[in-house]
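Number of protein chains: 2
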Amino acid sequence: MTVGTKTKREKLAEREDAIVSAATEAFLEKGMSAAKMAEIAASAGVAEGTLYLYFKNKEALFAAVVARHWESLTEGATAAIAKADSPDDQLEALARYTLRRILADWKLFELSFVLHYPVKEDGVGSDRRGYVRIFDQIVARGIDRGTFAPEADPRLVRDLFFGTIEYAVRSILQTGKNPKLEPVVIMLLTAVRAVLKPGQGQARTPDHAERIEAAVTRLEKLAER
Amino acid sequence: MTVGTKTKREKLAEREDAIVSAATEAFLEKGMSAAKMAEIAASAGVAEGTLYLYFKNKEALFAAVVARHWESLTEGATAAIAKADSPDDQLEALARYTLRRILADWKLFELSFVLHYPVKEDGVGSDRRGYVRIFDQIVARGIDRGTFAPEADPRLVRDLFFGTIEYAVRSILQTGKNPKLEPVVIMLLTAVRAVLKPGQGQARTPDHAERIEAAVTRLEKLAER
DNA sequence: CGCGGCGAATGAGCAACCCTCATTATGACT
DNA sequence: AGTCATAATGAGGGTTGCTCATTCGCCGCG
């Protein structure tokens with residue numbers, strides 16, 4: 020095999036890539052159910068049956084499209100936070116990047132929920148794994164450094180972080196206005212810091228009312244049984 | 020028309036209800052694409068063609084299922100916050116209710132995103148409208164009363180609120196553990212308050228009396244039963 | 001009581017589409 | 001050139017959403 024010639028492996032990979040690309044386009048334009056396998060095949064320059072050599076069925080092809088998107092997202096985010104140094108700055112960079120990126124590729128992002136059927140560990144949702152890990156690492160580092168409170172549960176804060184971003188993007192797209200990301204970033208960071216740094220800045224001296232309420236809540240639970 | 024006899028209108032409404040109920044069951048069990056119109060028809064006790072007299076197509080039927088779910092959610096939330104008095108407590112009640120309810124009906128909730136295709140004002144997403152309005156009203160009242168800072172943008176905080184809840188539920192379901200809602204509520208309220216009461220530190224003193232009174236009132240109500 | 005009229009309901013049939021599989025093409029290695 | 005394993009093909013099968021000509025059920029009127 021000479022240089023310039025494609026090996027068998029490369030050819031197969033190339034083909035798979037062409038299929039996924041064609042599928043991405045089709046799914047973006049028409050959505051999961053309206054996109055036709057015949058069209059995708061034609062657009063990728065292969066026969067319909069060939070699709071099924073690379074992907075078990077339409078759903079698997081769809082999953083591949085979504086997976087590729089998440090990989091790209093994870094890659095970009097890793098690069099985006101590399102410039103920042105402190106966990107605080109990294110969090111901000113991640114917020115900004117995620118917001119911008121999800122806004123840009125919203126349709127693709129939304130598609131990734133269509134599959135979402137079985138809430139399984141290794142299901143489609145596992146595509147996010149890599150992305151979410153970035154956040155977890157930042158928080159872990161912050162706790163190590165003493166920037167964040169060690170009693171903070173990273174998984175909870177993670178939900179705050181990504182949930183807010185997704186919903187904010189949805190809102191932005193619905194109002195249709197020119198997107199204003201900065202207010203979202205500011206609010207998000209305010210919220211995240213309030214949770215990650217309790218007792219700081221907000222100087223939360225033990226709050227009498229909170230403690231009494233908590234006591235009452237305990238009583239209420241007791242009474243319910 | 021006598022009592023006990025069904026009028027024509029009532030019969031039609033009843034039939035529509037039966038169809039939607041059958042459809043809900045089918046969609047829950049099998050998902051949007053795997054659920055078959057023939058099954059739904061049989062389960063509802065009508066012919067297949069009849070479905071199309073009530074709903075234009077499968078998607079419209081699906082949308083009706085989702086809409087009904089959101090109506091029920093909105094109803095329940097309205098009742099849940101009615102007991103609370105201060106905006107702070109209402110927010111807490113809404114958080115707790117939403118969390119519990121979405122957790123309970125997660126499949127149905129998730130289904131409501133399958134449709135989500137066109138990000139339109141009047142699309143399927145408009146089902147949430149009523150629900151979201153509840154939140155907005157609470158915040159508006161809080162701003163009126165001076166409990167919340169007037170410069171807060173309710174729409175942003177809304178995304179924080181519901182986004183966090185949805186993602187938290189997703190996490191809870193993925194870990195599969197016994198659901199611990201309380202930590203989520205606490206974090207959520209911490210975050211929301213940090214945003215709604217900027218720079219307020221612990222100067223929440225004026226609130227203490229009110230909150231203690233409310234807590235005691237709850238106990239009193241409890242004791243009455 | 002019979003009858004005509006009208007909206008509601010039916011279900012066989014059509015068209016669309018995913019997927020299979022028997023057949024053919026490809027190209028690496030003797 | 002011949003052989004063989006692997007990749008690719010696309011016509012056909014089976015399923016399913018949806019339509020439409022037909023039938024049903026109810027009501028008022030003569």
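Chains as they are written, first to last, in the numbering used here: chain A, 20 to 244; chain B, 20 to 244.
Think of the CB as a built atom: it goes at the ideal place given N, C-alpha and C, for glycine as much as any other residue.
Keep in mind it's a predicted model, so treat the numbers as computed, not measured.
Contacting residues, own chain, Cβ-Cβ under 8 Å from residue i (five flanking each side not counted)
| i | result |
| --- | --- |
| Gly149 of chain A | Trp89, Glu90, Thr93 |
| Glu111 of chain A | Ala103, Val204, Leu208 |
| Glu243 of chain B | none |
| Ala54 of chain B | Ala42, Ala45, Phe46, Glu48 |
| Leu122 of chain A | Val188, Ile191, Leu192, Pro198, Leu200 |
Rounded C-alpha distance that separates residue i from residue j
| i | j | result |
| --- | --- | --- |
| Val76 of chain A | Ala101 of chain A | Before going on, a small fix: residue 76 of chain A reads as Asn here, not Val. For Asn76 of chain A and Ala101 of chain A, the distance between alpha carbons rounds to 38 Å. |
| Arg120 of chain B | Gly165 of chain A | 37 Å |
| Ile153 of chain B | Met56 of chain A | 43 Å |
| Leu80 of chain A | Phe74 of chain A | 6 Å |
| Gln156 of chain B | Lys126 of chain B | 28 Å |
| Glu44 of chain A | Thr26 of chain A | 27 Å |
| Val235 of chain A | Glu201 of chain B | 14 Å |
| Glu129 of chain B | Ala42 of chain B | 16 Å |
| Glu58 of chain B | Arg34 of chain B | 16 Å |
| Leu70 of chain A | Leu31 of chain A | 12 Å |
| Arg237 of chain B | Arg87 of chain A | 52 Å |
| Phe167 of chain B | Val176 of chain B | 12 Å |
| Lys216 of chain A | Pro169 of chain A | 9 Å |
| Glu239 of chain B | Ile162 of chain B | 28 Å |
| Leu241 of chain B | Ala99 of chain B | 16 Å |
| Asp124 of chain A | Leu72 of chain A | 29 Å |
| Ala171 of chain A | Lys196 of chain B | 19 Å |
| Thr194 of chain B | Arg28 of chain B | 47 Å |
| Ser145 of chain A | Glu78 of chain A | 15 Å |
| Arg147 of chain A | Val65 of chain B | 43 Å |
Close Cβ partners of residue i (< 6 Å) along its chain, the five nearest in sequence each way excluded
| i | result |
| --- | --- |
| Ser131 of chain B | Val85 |
| Thr117 of chain B | Ile184 |
| Ala83 of chain B | Val39 |
| Ala114 of chain B | Val204, Leu207 |
| Ala222 of chain B | Its pLDDT being 40, under 50, Ala222 of chain B is placed unreliably in this model, and the coordinates cannot settle the point. |
| Ala37 of chain B | Ala63 |
| Ala187 of chain A | Val203 |
| Ile191 of chain A | Pro198 |
| Pro173 of chain B | Asp155, Val158 |
Residue i: first and last residue of the uninterrupted alpha helix (DSSP H) it sits in
| i | result |
| --- | --- |
| Phe81 of chain A | 77-101 |
| Thr43 of chain A | 27-49 |
| Lys126 of chain A | 125-133 |
| Gly52 of chain B | The sequence as given places Ser at residue 52 of chain B; Gly does not occur at that position. That residue, Ser52 of chain B, is in no alpha helix (DSSP H); it is neither H nor E in DSSP. |
| Gly68 of chain B | 67-73 |
Sequence-distant residues of its chain with Cβ nearer than 7 Å to residue i (five each side left out)
| i | result |
| --- | --- |
| Leu179 of chain A | Ala210, Val211, Val214 |
| Val143 of chain A | Residue placement at Val143 of chain A cannot be trusted, given a pLDDT of 49 that sits under 50; what the coordinates show is reported in the next sentence. Once the five neighbours on either side are set aside, the close Cβ partners of Val143 of chain A are Ala82, Val85, Leu134, His135. |
| Gly182 of chain A | none |
| Ala96 of chain B | Leu113, Tyr116, Thr117, Tyr150, Ile153 |
| Glu67 of chain B | Met56, Ala57, Ala60 |
| Arg160 of chain A | Pro106 |
**Asked** Can you list the alpha helix (DSSP H) stretches of 4 or more residues lying completely in the segment 137-215 of chain A, in chain order?
**Response** Those alpha helix (DSSP H) runs which fall completely within the segment 137-215 of chain A and span 4+ residues are 147-164, 173-194, 201-215.
**Request:** Say whether the segment 41-52 of chain B touches the segment 104-116 of chain B, bearing in mind that this needs 3 or more beta-carbon pairs closer than 8 Å, one atom from each stretch.
**Result:** At 8 Å Cβ cutoff, the stretches do not touch.
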